[in-house]
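Trainee:
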């Protein structure tokens with residue numbers, strides 16, 4: 001699955017377990033996708049411009065805490081979540097802080 005397939009035609013059963021480093025890198029490499037997911041995370045006025053943003057945001061709300069940790073994830077999946085957080089810190093620190101603030 002490519003990032004564009006995920007964003008535009010995400011499977012309804014998508015979870016963090018479906019992630020790969022390649023998919024994470026491609027998504028975080030796109031400012032549009034980062035902004036789209038962050039906008040969809042807004043607690044009061046979520047704007048989900050594409051179907052995949054909603055599915056990703058729902059999974060983040062369901063499983064991530066305010067520090068970005070996924071307490072219900074397997075060690076392998078948590079390692080991928082940590083990789084995503086590190087990339088966000090390097091490439092989009094402002095958006096990372098904004099997104100984490102929405103989680104609590």
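Residue numbers (the numbering used here): 1 to 104. The C-beta atom is built at its ideal place from N, Cα and C for all residues, glycine as well. Computed from a predicted model, the values in this text were never measured in an experiment.
Closest by CA to residue 20, which one among 76, 91, 54?
Mentor: As a first step, residue 20 is located in the chain shown; it is residue number 20 there, counting from the start. Considering only alpha carbons, the answer is 76.
Trainee: Can you tell me which of 1, 90, 102 puts its alpha carbon nearest to the alpha carbon of residue 65?
Mentor: Here residue 65 is taken as the residue at index 65 of the chain shown, counted from 1. Residue 102 is the option with its Cα nearest to residue 65.
Trainee: Would you mind sorting residue 36 into buried or exposed? The rule is 16 or more other CB atoms within 10 Å of its CB.
Mentor: The residue given as residue 36 occupies position 36 in the chain shown. Burial call: buried.
Trainee: Run through DSSP, which three-state label would residue 48 get?
Mentor: By one-based count along the chain shown, residue 48 stands at place 48. It is coil, neither helix nor strand.
Trainee: To which residues does DSSP link residue 70 through a beta bridge?
Mentor: As a working mapping, residue 70 is identified with position 70 in the chain shown. Paired residue(s): 64.
Trainee: Does the region 46–61 come close enough to the region 83–90 that 3 or more CB-CB pairs lie under 8 Å?
Mentor: no
Trainee: Can you give me the Cβ contacts of residue 27 inside the same chain, cut-off strictly under 6 Å, excluding the 5 residues immediately before and after it?
Mentor: As a working mapping, residue 27 is identified with position 27 in the chain shown. Non-local beta-carbon contacts of residue 27 in its own chain, meaning distances under 6 Å to residues more than five positions away in sequence, involve 3, 33 in chain order.
Trainee: Around the C-beta of residue 57, are 16 or more other C-beta atoms found within 10 angstroms, so that it is buried, or is it exposed?
Mentor: To locate residue 57, count along the chain shown from 1; it is residue 57. Counting Cβ neighbours within 10 Å, residue 57 comes out buried, since at least 16 surround it.
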